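What follows is a set of notes on a single structure, which appears directly below.
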Amino acid sequence: MSILDYKDGSVNLLMGNEAIARGAVEAGVRVAAGYPGTPSSEIIENLAAVAGKAGLYVEWSVNEKVSLEVAAAGSFAGLRSMCVMKQNGVNVASDFLLHLGLSGTRAGMVLVPCDDPGAISSVNEGESRHFARLLELPLIEPGNFQEAIDMIKWAFELSEKIRNVVVVRSVTRLSHASGNVKVGTLPKNNDTPVFKYDGNLLDALNGPVITAPVPFKHRQQQEKLKAVAEIFETSEFNTYTGPENPELLIITSSACSLYSLEAVNVLELDKRVGVLKLGTTYPLPEKLVKKHVASAKKILFVEEVQPFLEDLTKIAAAAWEDVGVKKYHGKYDASIPTVNELNPDIVIAALTKILGIDYRPVPEDYEKKGTILSFTGAPNREVTFCPGCPHRASFWSIHNVLTLQGKGGFVCGDIGCYTIGILGAGFNTLKTTHSMGSGLGIASGFGKLRGLGMKQDAVAVCGDSTFFHSIIPALVNAVHVKSDMMLIVFDNKGTAMTGFQPHPGTETDAMGAKVNALNIESICRAIGADVHVSDPFDITGTQDKLFDLIENGKGPRVLIMQQSCALSPEKKGKNKYVMNVDESLCRGENCGCDRFCTKIFRCPGLVWNRDKSVSMIDSVICTGCGVCKNICPAGAIKSEEVKAC
Amino acid sequence: MLKDPYNIIITGVGGQGNVMAARIVGNMLALQGFYVTIGETFGASQRGGSVMSHLRVSKKTVWSPQMPKGKADLIVALEPIESLRVLAQYGNSETAVISNTRPVYPVGVICGDLKYPTMDELNASLLQLCSKIYFIDATEKAIQLGNPILSNVIMIGAAAGLNVVPMEESDFEKIMSVSLPPEKMKINMEGFKLGKSMTSS
């Protein structure tokens, strides 16, 4: 079922990201681009699935900056366009975004960053809200699922009113949550794109699209923002729930508004506490906020990570001489934490503390009993690689070679499933992890420290999608400066972590059309690195090659480990082998390997049978990759090829 | 419905189909005219980690995609020990628990560092926290039906069998037929009915 299949006006259970995608189509979006990243990916996926039918161009771009540029071209040519990314993607795109805000746009253009407070699927909890303020762009935030669809539509109109980008910020708990949504109608829209540039320099609709003259354009951008602030004052997306003169006023936005309403409900405070939910958060609708602040004695800001609404309100309040003295609670008095995502319990805790209420969700002894029982009775579940994942085999080889070598060599990590190579699942192989592409940049630096006396070998790893996203410039750098280091590309044939989106190395694009697949090996060779290829499932061959490259190689070396992800469409549900353990050969605890297969290699499909003291295959979980056959010194793990029927 | 909102948590391990199960239940209840909010955990935590979906079911309004502590009315565990983990955090003495009996061992258990409880031990722990507990050998039954993937459908059926929220067989059929080819419908309907028979009195 696609987002076009919902009948006009019908109510459906939609994921936040589906609602955003449907809203964009209802608004007549024609160009959408992005780079995959949880929790944002399903927006582009849903749009790509209907691209042909709805007359859209949808692209998974090489990285976020390029995706924003691709979307901007749509707007410049008169088509409504949208760009989607996760929070840290905005950092990548921010250079262009700074200039785009200054040049302005033409047809409606919306940027949808999906933030991940608490880093549920991230290695940071960066925030896109602050970019809106820094780059002087309007920011709106849906507070529930219906608003996800309605506000996207409004964002396009707003963008066309001011001829600039509008930022619609979502968060994990909205993007990756579902709720009832009434859908609207689908438009007919087949405008032909034309880029007009013959007008004079200052003609926003017909002239060249540039940022100069800067002071003029900058002033124009700020005037637009002032106009937006006026529109925001009366927006229907700013709502108030509560008594006329509350004892305490909560000011909040986004998913936090749902936590706030829930907390008020649980504590039965609806006669004492009001909730001002702002849908339009930058620029702050100051008159509206002032009116509500004036009505209460105490103010509590409920927002995630850094103070944003709190800072904006307090700055505005400095000029509010007529509202009287208020007591402000939020980040600065530690009522609300400045790290991690919020939830109803955190808001409940803040309210009980400020208002002096006693509340326990369950009796104290129940809570204690539960903590002890779950600690002792439910063994911790560490994140691991999937059964059949090539990364487990790759990390095993890298770990083995570096350990054998014994020179303190180490691996600089990057962003993808393989980031969990920090943990036991990857034999604790990764020693640095930062942003996309940074592993190689750091390794390039380490490689030059040889000249200053460093003896350790530096290795960087990256995935195939990351390679295209931001590794290439770092490789150019490493080759140019002759850095002594090695890059290992885990080429698993797709953007695996986020759901197998295509990238420049794949043969089809987001919409399923045939495109040019760029070859990683050829690119690395063309840049001038010493390039080798191996199959990580061939453990002996890979380790021999790796040892030779690390021990004897010089300058920038690249090893491309090619093996598709176990969840890839070509592999999923199609086991290559049926695996089993020959119990007569498994030496169990007496094996000289110290139960290597289950203690060290730790594939979830290979388990230790306590009763029989032998290893066994969990046939429900095993994906039949066959790798474990090669790791058993006793040859007890057997594989039988599955015959194609 | 006994309570508004009625709060369900579906829990399990990444890769078990938790998200899909929650969406099926959510869609069934949406067909009955309820406001349904589902909060899901996936992404990095999907890789063999514990996952859960919070379902808030209400006639009145949208609720938070994360439910407050102590407010779960029903916990459906696709993996046994996850029932205890979730019950301790979100349950109360009135919470009902339906748990699959087939473990997915954490790596700590696979390597022998940690011990996985027997179903009797797990039951004893659960009984200290609540009294309405149903163990369903959903994976074994699904293998008998022909595919372990059907265990989630059996678990959904088992939730329907409790009769605490209106999860109708006809709605299940309607929802499943949107995404499943006709030839797979029969076996899924069988799984649902089987699960239902295991908890309905």
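For the record, the sequence lines run as chains A and B. Take the numbering used here: the final residue in the first sequence is number 660, and no numbers are missing along the way. Take the numbering used here: the final residue in the second sequence is number 329, and no numbers are missing along the way. All C-beta atoms, glycine included, are put in the ideal place defined by N, C-alpha and C. All values reported here derive from a predicted model rather than from experimental measurement.
Option in the options with minimal Cα separation from residue i
i: residue 391(A); options: 210(B), 182(B) and 147(B); result: 210(B)
i: residue 262(B); options: 254(B), 137(B) and 217(B); result: 254(B)
i: residue 302(A); options: 245(A), 431(A) and 274(A); result: 245(A)
i: residue 190(A); options: 508(A), 252(A), 59(A) and 147(A); result: 59(A)
i: residue 269(A); options: 118(A), 319(A), 420(A) and 134(A); result: 319(A)
i: residue 367(A); options: 278(A), 459(A), 267(A) and 112(A); result: 278(A)
i: residue 315(A); options: 94(A), 363(A) and 286(A); result: 363(A)
i: residue 406(A); options: 445(A), 385(A), 420(A) and 376(A); result: 445(A)
i: residue 404(A); options: 638(A), 611(A), 427(A) and 206(A); result: 638(A)
i: residue 641(A); options: 554(A), 75(A) and 562(A); result: 554(A)
Contact check, residue i vs residue j, beta carbons under 7 Å
i: residue 130(A); j: residue 102(A); result: yes
i: residue 135(B); j: residue 195(B); result: yes
i: residue 96(A); j: residue 86(A); result: yes
i: residue 451(A); j: residue 414(A); result: no
i: residue 177(A); j: residue 232(A); result: no
i: residue 168(A); j: residue 42(A); result: yes
i: residue 294(B); j: residue 144(B); result: no
i: residue 393(A); j: residue 551(A); result: no
i: residue 189(B); j: residue 218(B); result: no
i: residue 536(A); j: residue 592(A); result: no
i: residue 520(A); j: residue 479(A); result: yes
i: residue 427(A); j: residue 475(A); result: yes
i: residue 69(A); j: residue 40(A); result: yes
i: residue 192(A); j: residue 203(B); result: no
i: residue 504(A); j: residue 477(A); result: yes
i: residue 82(A); j: residue 122(A); result: no
Contact set between residue i and chain A, taken where Cβ atoms lie within less than 9 Å
i: residue 307(B); result: 16
i: residue 240(B); result: 610, 613, 614, 623 and 625
i: residue 267(B); result: 635
i: residue 296(B); result: Per Cβ cutoff of 9 Å: no residues; residue 296(B) is ~16 Å from chain A at best.
i: residue 249(B); result: 392
i: residue 209(B); result: 389, 392, 393, 394 and 396
Cross-chain neighbours of residue i in chain B, by beta carbon under 7 Å
i: residue 386(A); result: 216
i: residue 277(A); result: 191, 192 and 196
i: residue 606(A); result: The premise fails here: residue 606(A) is roughly 13 Å from chain B at the closest Cβ pair, so nothing lies under 7 Å.
i: residue 484(A); result: Within chain B, no residue comes near residue 484(A); the closest Cβ sits about 18 Å away, beyond 7 Å.
i: residue 447(A); result: By Cβ distance, chain B contributes nothing, its closest Cβ being about 18 Å from residue 447(A), past 7 Å.
i: residue 663(A); result: Residue 663(A) lies beyond the stretch modelled for chain A, which goes from 16 to 660, so this question has no answer here.
Under 8 Å by beta carbon: chain B residues contacting residue i
i: residue 274(A); result: 192 and 194
i: residue 619(A); result: 176, 232, 233, 235 and 238
i: residue 376(A); result: 196, 197, 198, 199 and 220
Distance cut-off 6 Å: residue i Cβ against heavy atoms of the ligand HEM
i: residue 634(A); result: As far as ligands go, the structure on display features none, and thus does not contain the ligand HEM.
Partners in chain B for residue i, counting only beta-carbon separations shorter than 9 Å
i: residue 266(A); result: Correct list: empty, because the minimum Cβ distance to chain B is about 17 Å.
Contacts of residue i in chain C (Cβ-Cβ under 8 Å)
i: residue 158(B); result: Of the chains in the structure shown, none is chain C; the protein chains are A and B.
Within chain A, partners of residue i - CB distance below 7 Å
i: residue 253(B); result: 388 and 392
i: residue 138(B); result: None at all; the shortest Cβ gap to chain A is about 13 Å.
i: residue 167(B); result: 188 and 192
Contacts that residue i makes with chain A (C-beta to C-beta distance below 8 Å)
i: residue 212(B); result: 388, 389, 392 and 393
i: residue 244(B); result: 394
i: residue 319(B); result: In chain order: nothing, as chain A lies at least about 16 Å away.
For this session: Return the chain-ordered ranges of every alpha helix (DSSP H) run that is complete within the stretch 223-263 of chain A and spans a minimum of 4 residues.
Result: Those alpha helix (DSSP H) runs which fall completely within the stretch 223-263 of chain A and span 4+ residues are 229-248.
Problem set entry | Cβ pair count under 8 Å reaching 3, the stretch 238-248 of chain B against the stretch 298-307 of chain B | In short, these stretches do not touch, since the Cβ pair count stays below three.
Exercise. Are the stretch 537-549 of chain A and the stretch 394-401 of chain A touching, with three or more C-beta to C-beta distances below 8 Å?
Worked result: Flag = no, the stretch 537-549 of chain A and the stretch 394-401 of chain A do not touch.
Problem set entry | Those runs of the beta strand (DSSP E) which lie wholly inside the stretch 132-180 of chain B and span at least 3 residues | Here the runs fully enclosed are 134-141 and 163-168.
Exercise. Is the stretch 243-259 of chain A touching the stretch 337-356 of chain A in the sense that three or more CB pairs, one from each, lie closer than 8 Å?
Worked result: Touching, no, given that fewer than three Cβ pairs across the two stretches are closer than 8 Å.
Exercise. So does the stretch 50-69 of chain A actually touch the stretch 508-522 of chain A, counting three or more Cβ pairs closer than 8 Å?
Worked result: With the cut-off at 8 Å, the stretch 50-69 of chain A and the stretch 508-522 of chain A touch.
Problem set entry | Complete beta strand (DSSP E) runs within the stretch 63-132 of chain A (minimum length 3 residues, chain order) | Listed in chain order, the complete beta strand (DSSP E) runs (minimum 3 residues) inside the stretch 63-132 of chain A are 72-75, 96-101 and 124-130.
Exercise. Okay, do the stretch 374-383 of chain A and the stretch 291-300 of chain A touch, 3+ Cβ pairs below 8 Å being the bar?
Worked result: Proximity of the stretch 374-383 of chain A to the stretch 291-300 of chain A falls short of the contact definition, fewer than three beta-carbon pairs being nearer than 8 Å.
For this session: Run through the stretch 212-265 of chain B for me and flag every whole beta strand (DSSP E) of 3 or more residues, listed as ranges in chain order.
Result: 224-228 and 260-264, all fully within the stretch 212-265 of chain B.
Exercise. So does the stretch 314-322 of chain B actually touch the stretch 273-281 of chain B, counting three or more Cβ pairs closer than 8 Å?
Worked result: Output reads yes: the stretch 273-281 of chain B touches the stretch 314-322 of chain B.
Problem set entry | Three or more C-beta pairs below 8 Å linking the stretch 602-620 of chain A and the stretch 522-538 of chain A | As far as the Cβ criterion goes, the stretch 602-620 of chain A does not touch the stretch 522-538 of chain A, which means the pair count is below three.
For this session: Taking 8 Å as the threshold, find out whether the stretch 207-224 of chain A comes into contact with the stretch 276-291 of chain A through three or more Cβ pairs.
Result: As far as the Cβ criterion goes, the stretch 207-224 of chain A does not touch the stretch 276-291 of chain A, which means the pair count is below three.
Exercise. Hey, is the stretch 596-608 of chain A in contact with the stretch 644-653 of chain A, meaning 3+ C-beta pairs nearer than 8 Å?
Worked result: As far as the Cβ criterion goes, the stretch 596-608 of chain A touches the stretch 644-653 of chain A, which means the pair count is three or higher.
Exercise. Hey, which unbroken runs of the alpha helix (DSSP H) at 4 residues or more fall wholly within the stretch 351-401 of chain A?
Worked result: Here the runs fully enclosed are 359-370 and 379-392.
Exercise. How about the stretch 147-157 of chain B and the stretch 280-294 of chain B: do they share at least three Cβ pairs that are nearer than 8 Å?
Worked result: As far as the Cβ criterion goes, the stretch 147-157 of chain B touches the stretch 280-294 of chain B, which means the pair count is three or higher.
For this session: Any chance you could list the alpha helix (DSSP H) runs of at least 4 consecutive residues sitting entirely within the stretch 258-321 of chain B, in chain order?
Result: DSSP runs (the alpha helix (DSSP H)) wholly in the stretch 258-321 of chain B: 266-273, 279-289 and 297-307.
Exercise. Do the stretch 112-121 of chain A and the stretch 143-156 of chain A meet, that is, are 3 or more Cβ pairs less than 8 Å apart?
Worked result: Taking one beta carbon from each stretch, the stretch 112-121 of chain A and the stretch 143-156 of chain A have 3 or more pairs nearer than 8 Å; the two touch.
For this session: Just list the beta strand (DSSP E) runs in the stretch 497-528 of chain A, keeping only unbroken ones of 3 residues or longer that don't cross its boundaries, in chain order.
Result: Counting only runs of 3 or more, we get 501-506.
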